[in-house]
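Below is one structure, written out as structure tokens; the observations come after it.
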């Protein structure tokens, strides 16, 4: 049990320092143009998701 507790604490500390995300980002090199392209696509996806959530529901014809 103490090992599980220690692993939980370590995982929590890594999350607090955002270390896992940084390691995932540095796993392999991404060219700056590709990075910009991915950021642009993510922004577009966020915007479309927001617009969809703001739409009024369609009126059903019975």
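In our numbering, the protein residues as written are 2 to 63. The C-beta atom is built at its ideal place from N, Cα and C for all residues, glycine as well. It should be emphasised that the depicted structure is a prediction, and the values quoted were computed from it without experimental measurement.
Alpha carbon of residue i to alpha carbon of residue j, nearest angstrom
{"i": "residue 54", "j": "residue 48", "result": "10 angstroms"}
{"i": "residue 24", "j": "residue 18", "result": "11 angstroms"}
{"i": "residue 12", "j": "residue 28", "result": "19 angstroms"}
{"i": "residue 60", "j": "residue 20", "result": "47 angstroms"}
{"i": "residue 8", "j": "residue 14", "result": "10 angstroms"}
The alpha helix (DSSP H) enclosing residue i, as first and last residue numbers
{"i": "residue 3", "result": "3–17"}
{"i": "residue 33", "result": "33–55"}
{"i": "residue 24", "result": "20–26"}
Beta-carbon proximity list for residue i, same chain, < 7 angstroms, skipping 5 on both sides
{"i": "residue 32", "result": "none"}
Cβ neighbours of residue i in the same chain (closer than 8 angstroms, five flanking residues each side left out)
{"i": "residue 35", "result": "none"}
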